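Contents: one structure, followed by commentary.
There are 4 protein chains.
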Amino acid sequence: MKLSSAKLILDTALAEAQKRGVSVCISIVDAAAWPVAFVRMDGAPLGVIDVSNKKARTAVLFQMDSADFAKVAHPDAGAYTLENTNGGLTSFGGGVVLKAADGTLLGGIGVSGAATQDDIDIARAAADTLTA
Amino acid sequence: MKLSSAKLILDTALAEAQKRGVSVCISIVDAAAWPVAFVRMDGAPLGVIDVSNKKARTAVLFQMDSADFAKVAHPDAGAYTLENTNGGLTSFGGGVVLKAADGTLLGGIGVSGAATQDDIDIARAAADTLTA
Amino acid sequence: MKLSSAKLILDTALAEAQKRGVSVCISIVDAAAWPVAFVRMDGAPLGVIDVSNKKARTAVLFQMDSADFAKVAHPDAGAYTLENTNGGLTSFGGGVVLKAADGTLLGGIGVSGAATQDDIDIARAAADTLTA
Amino acid sequence: MKLSSAKLILDTALAEAQKRGVSVCISIVDAAAWPVAFVRMDGAPLGVIDVSNKKARTAVLFQMDSADFAKVAHPDAGAYTLENTNGGLTSFGGGVVLKAADGTLLGGIGVSGAATQDDIDIARAAADTLTA
Numbered sequence: 001m002k003l004s005s006a007k008l009i010l011d012t013a014l015a016e017a018q019k020r021g022v023s024v025c026i027s028i029v030d031a032a033a034w035p036v037a038f039v040r041m042d043g044a045p046l047g048v049i050d051v052s053n054k055k056a057r058t059a060v061l062f063q064m065d066s067a068d069f070a071k072v073a074h075p076d077a078g079a080y081t082l083e084n085t086n087g088g089l090t091s092f093g094g095g096v097v098l099k100a101a102d103g104t105l106l107g108g109i110g111v112s113g114a115a116t117q118d119d120i121d122i123a124r125a126a127a128d129t130l131t132a
Numbered sequence: 001m002k003l004s005s006a007k008l009i010l011d012t013a014l015a016e017a018q019k020r021g022v023s024v025c026i027s028i029v030d031a032a033a034w035p036v037a038f039v040r041m042d043g044a045p046l047g048v049i050d051v052s053n054k055k056a057r058t059a060v061l062f063q064m065d066s067a068d069f070a071k072v073a074h075p076d077a078g079a080y081t082l083e084n085t086n087g088g089l090t091s092f093g094g095g096v097v098l099k100a101a102d103g104t105l106l107g108g109i110g111v112s113g114a115a116t117q118d119d120i121d122i123a124r125a126a127a128d129t130l131t132a
Numbered sequence: 001m002k003l004s005s006a007k008l009i010l011d012t013a014l015a016e017a018q019k020r021g022v023s024v025c026i027s028i029v030d031a032a033a034w035p036v037a038f039v040r041m042d043g044a045p046l047g048v049i050d051v052s053n054k055k056a057r058t059a060v061l062f063q064m065d066s067a068d069f070a071k072v073a074h075p076d077a078g079a080y081t082l083e084n085t086n087g088g089l090t091s092f093g094g095g096v097v098l099k100a101a102d103g104t105l106l107g108g109i110g111v112s113g114a115a116t117q118d119d120i121d122i123a124r125a126a127a128d129t130l131t132a
Numbered sequence: 001m002k003l004s005s006a007k008l009i010l011d012t013a014l015a016e017a018q019k020r021g022v023s024v025c026i027s028i029v030d031a032a033a034w035p036v037a038f039v040r041m042d043g044a045p046l047g048v049i050d051v052s053n054k055k056a057r058t059a060v061l062f063q064m065d066s067a068d069f070a071k072v073a074h075p076d077a078g079a080y081t082l083e084n085t086n087g088g089l090t091s092f093g094g095g096v097v098l099k100a101a102d103g104t105l106l107g108g109i110g111v112s113g114a115a116t117q118d119d120i121d122i123a124r125a126a127a128d129t130l131t132a
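The structure is reproduced here in structure tokens:
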């Protein structure tokens with residue numbers, strides 16, 4: 001993923017978070033799960049830095065949003081303990097796969113710090129800038 | 001957090017543990033989760049050293065007591081696997097947020113080694129010295 | 001450190017890197033060494049992501065630029081192995097302390113990916129925006 | 001090591017640091033290298049927390065002061081890379097072995113944050129309380 005794309009996604013996520021009046025961390029990783037860009041908004045709890053990183057990482061490593069990953073990695077589901085691989089993954093929403101308009105995998109975005117549904121909505125709004 | 005405050009909190013926790021006849025570890029971290037003071041009482045099992053550290057860290061990183069953190073990070077709750085972030089967090093009581101009388105976040109205390117309710121009560125008694 | 005300050009520093013560093021025609025990673029951490037902002041420019045080798053992080057971390061944890069840290073942590077200097085503490089620190093230039101105009105410690109910046117002197121100059125130009 | 005002994009050592013080290021007008025971290029570990037007590041004085045750089053821990057650990061693990069450890073673990077000495085074992089050890093002064101009056105190994109103390117000679121003197125003064 002090019003930095004110009006990552007900045008566009010990041011700015012969209014920041015604007016969406018500001019519109020909702022929430023403070024979040026935003027992490028963007030490339031298709032190989034390496035960091036491209038990150039910001040922590042003023043007032044976000046320190047603990048969510050690692051959460052936004054892990055959400056982005058979860059999304060791209062298994063090519064599914066972290067809310068979907070939660071379903072397969074739950075103790076009562078088919079792949080329990082999958083969340084303990086790859087340095088620790090995240091079984092709740094806010095990690096979203098980033099794809100180009102033609103479906104090519106570009107990377108992942110993780111948003112953390114607000115209510116989970118807000119995190120998801122912000123990440124989704126940002127991801128949609130790539131296909132708009 | 002100043003060391004003078006940390007020592008006051010620590011001494012209160014030690015006195016409360018002695019009153020109850022239990023042996024615990026007590027960890028105090030600042031608002032950025034860096035250690036300020038720590039003691040291990042005679043007879044506390046070695047395994048609880050890391051537990052008291054992680055309880056203090058959990059409380060301050062997410063600005064909630066570890067007993068409350070347990071509710072959100074449970075496998076059937078909204079943020080399962082949150083406990084796997086930040087080097088490992090603690091989903092049971094004994095980690096308490098430390099706040100000044102005006103509500104400013106000062107840090108966190110973790111107590112471990114006794115029954116969980118004792119750990120919680122000791123940490124709470126110590127935290128209350130800041131607002132008394 | 002506020003995100004608005006971090007973005008100003010980051011944009012200055014990016015502009016300086018572009019002017020020199022080099023590709024770098026830029027990491028900004030607060031006074032407690034927690035990440036505030038990060039970008040990786042197109043073409044920077046993957047290995048320098050961690051280097052820029054560790055340079056920023058080195059600068060703020062010991063309140064000295066990483067080029068100065070190198071002098072004290074050298075095998076024949078007074079604090080050999082200091083570089084092995086705190087998860088691994090960096091004994092060459094490109095990590096710079098961030099201070100406000102009144103001297104208050106605000107955090108650290110790490111730049112990595114170009115020749116070391118370029119890394120240093122970029123970090124220094126960015127840090128100077130806080131006192132200009 | 002009993003907590004009462006650790007507190008006596010700690011208070012001596014604190015008093016000595018205050019007399020010299022320096023800010024240090026002080027770590028005390030038992031004969032099995034497990035933490036017993038720790039304090040960070042106001043104004044000590046965050047980076048020295050881990051250094052004081054590693055100095056105490058180095059002293060007790062090899063039953064020699066960290067200044068002596070430096071001689072054997074230097075790149076030009078007989079046990080180069082010994083400093084990379086046990087999670088990272090420290091090759092400069094400020095870690096001192098703690099022994100009872102009869103020579104029994106009790107643990108180690110690490111002091112870090114001042115000039116190395118100050119760190120050593122503070123640790124030594126504290127260790128001497130056990131044999132006085």
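Chains as they are written, first to last, in UniProt numbering: chain A, 1 to 132; chain B, 1 to 132; chain C, 1 to 132; chain D, 1 to 132.
Glycine residues also receive a C-beta, built at the ideal position from the N, C-alpha and C atoms.
Every value quoted in this text rests on a predicted model; they were computed, and no experiment measured them.
- Query: Starting from residue 37/C and walking both ways along the beta strand (DSSP E), at which residues does that stretch end?
  - Reply: Residue 37/C -> beta strand (DSSP E) spans 35-40.
- Against chain D: residues of the region 64-79 of chain C by CB proximity under 7 Å: Within the region 64-79 of chain C, the qualifying residues are 75, 78 and 79.
- Message: In the DSSP assignment, the alpha helix (DSSP H) including residue 60/A goes from what residue to what residue?
- Response: Unbroken alpha helix (DSSP H) run through residue 60/A: 48-61.
- Using a Cβ-Cβ cut-off of less than 7 Å, list which residues of the region 25-51 of chain A approach chain C; keep chain order. Within the region 25-51 of chain A, the residues whose Cβ lies closer than 7 Å to some Cβ of chain C are 34, 35, 36, 37, 38, 39, 40, 41, 42, 46 and 49, listed in chain order.
- Query: Using DSSP with H/G/I as helix, E/B as strand and the rest coil, what is residue 65/C?
  - Reply: Residue 65/C falls in the coil class under three-state DSSP.
- Quick one: does residue 89/B have its CB under 8 Å from some CB of chain D? No, no contact with chain D.
- By Cβ distance below 6 Å, which residues in the same chain neighbour residue 86/A in space, the five residues on each side in sequence not counted? Short of 6 Å from the beta carbon of residue 86/A, and not among the five residues preceding or following it, lie these beta carbons of its own chain, in chain order: 61.
- Applying the criterion that 16 or more other CB atoms from any shown protein chain within 10 Å of the CB defines a buried residue, is residue 20/B buried or exposed? Counting other Cβ atoms within 10 Å of its Cβ, residue 20/B stays below 16 and is therefore classed as exposed.
- Message: Taking the alpha carbon of residue 73/C as the reference point, which residue from 58/D, 92/D, 1/D and 14/D has its own alpha carbon closest?
- Response: Checked all of 58/D, 92/D, 1/D and 14/D; the closest Cα to residue 73/C is 92/D.
- Message: So residue 62/C contacts chain D; which residues on that side make the cut at Cβ distance below 9 Å?
- Response: Residue 62/C reaches chain D at 45, 46, 47 and 48, counting residues in chain order whose Cβ is nearer than 9 Å.
- Are the C-beta atoms of residue 84/A and some chain B residue less than 8 Å apart? Cβ-Cβ to chain B under 8 Å: yes for residue 84/A.
- Residues in its own chain within less than 8 Å of residue 63/D by CB, not counting five upstream and five downstream? Around residue 63/D, the same chain offers 97 and 105 as residues with beta carbons nearer than 8 Å, after the five sequence neighbours per side are excluded.
- Task: Could you pull the start and end residues of the alpha helix (DSSP H) that residue 119/C belongs to?
- Result: Looking at the DSSP string, the run of the alpha helix (DSSP H) that includes residue 119/C is 116-128.
- Quick one: grab the DSSP three-state call for residue 30/B. Residue 30/B falls in the strand class under three-state DSSP.
- Message: Beta-carbon within less than 6 Å of residue 101/A's beta-carbon, same chain only, minus the 5 sequence neighbours each way: which residues are those?
- Response: Result list for residue 101/A: 131, in chain order.
- Quick one: using the 10 Å Cβ neighbour count with 16 as the cut-off for buried, is residue 82/B buried or exposed? Residue environment for residue 82/B: buried (at least 16 other C-beta atoms within 10 angstroms of its C-beta).
- I think residue 125/B touches residue 109/B, with their Cβ atoms under 8 Å apart; what is that distance to the nearest whole Å? Incorrect: roughly 10 Å between the Cβ atoms, too far for contact.
- Given 8 Å, three or more beta-carbon pairs between the region 29-46 of chain C and the region 24-34 of chain D: Per the Cβ contact rule, the region 29-46 of chain C is not in contact with the region 24-34 of chain D (fewer than 3 Cβ pairs under 8 Å).
- So, does the CB of residue 81/A fall closer than 8 Å to a CB anywhere in chain B? Put simply, the CB of residue 81/A is far from chain B, with every gap to its CB atoms at 8 Å or more.
- Find the residues of chain D that neighbour residue 2/B, judging by a C-beta separation of less than 8 Å, and give them in chain order. The answer, in chain order, is 42.
- With DSSP run on the structure shown, which of helix, strand or coil describes residue 112/C? Assigned with DSSP and collapsed to three states, residue 112/C falls in strand.
- Reducing DSSP to helix, strand and coil, say where residue 71/A ends up. In this structure, residue 71/A counts as helix in the three-state DSSP scheme.
- Query: Buried or exposed: which applies to residue 35/A, given that a residue is buried once 16 or more other Cβ atoms fall within 10 Å of its Cβ?
  - Reply: So residue 35/A counts as buried.
- Query: For chain C, is any of its Cβ atoms less than 8 Å away from the one on residue 54/D?
  - Reply: Yes, residue 54/D lies at the interface with chain C (some Cβ there is under 8 Å from its Cβ).
- Distance, residue 48/D Cα to residue 10/B Cα: Distance between the alpha carbons of residue 10/B and residue 48/D is about 21 Å.
- Query: Does any CB atom of chain B fall closer than 8 Å to the CB of residue 104/A?
  - Reply: Not closer than 8 Å to any Cβ of chain B, the Cβ of residue 104/A fails to qualify, so no.
- Query: Do you know how far the Cα of residue 84/C is from the Cα of residue 7/D?
  - Reply: In this model, residue 7/D and residue 84/C are separated by some 29 Å (Cα to Cα).
- Query: Hey, residue 16/B and residue 120/B: beta-carbon distance below 8 Å or not?
  - Reply: Taking 8 Å as the Cβ cut-off, residue 16/B and residue 120/B do not qualify as a contacting pair.
- Message: For residue 69/C and residue 103/C, what's the separation of their Cα atoms in angstroms?
- Response: Going from the Cα of residue 69/C to the Cα of residue 103/C covers about 19 Å.
- Taking only runs of the beta strand (DSSP E) that begin and end inside the region 73-102 of chain C, which ones reach a length of at least 3 residues, in chain order? Here the runs fully enclosed are 95-99.
- Query: In chain order, what residues of the same chain lie with their CB nearer than 7 Å to the CB of residue 112/B, ignoring the 5 residues before and after it?
  - Reply: Excluding positions up to five away in sequence, the list reads 24, 25, 48, 51, 52, 55, 94 and 119.
- Message: Using 8 Å as the threshold, is the C-beta distance between residue 78/B and residue 90/A below it?
- Response: No, Cβ-Cβ distance for residue 78/B and residue 90/A is not below 8 Å.
- Excluding the five sequence neighbours on either side, which residues of its own chain have a C-beta within less than 7 Å of the C-beta of residue 33/D, listed in chain order? Excluding residues within five positions, the ones whose Cβ falls inside 7 Å are 57, 60 and 61.
- Query: Shortest alpha-carbon distance to residue 38/D belongs to which of 18/D, 14/D and 22/D?
  - Reply: Of 18/D, 14/D and 22/D, the residue nearest in Cα terms is 14/D.
- Message: Could you check whether residue 1/B and residue 88/B sit closer than 8 Å to each other, using their CB atoms as the reference points?
- Response: Taking 8 Å as the cut-off, the beta carbon of residue 88/B is found no closer than this to the beta carbon of residue 1/B.
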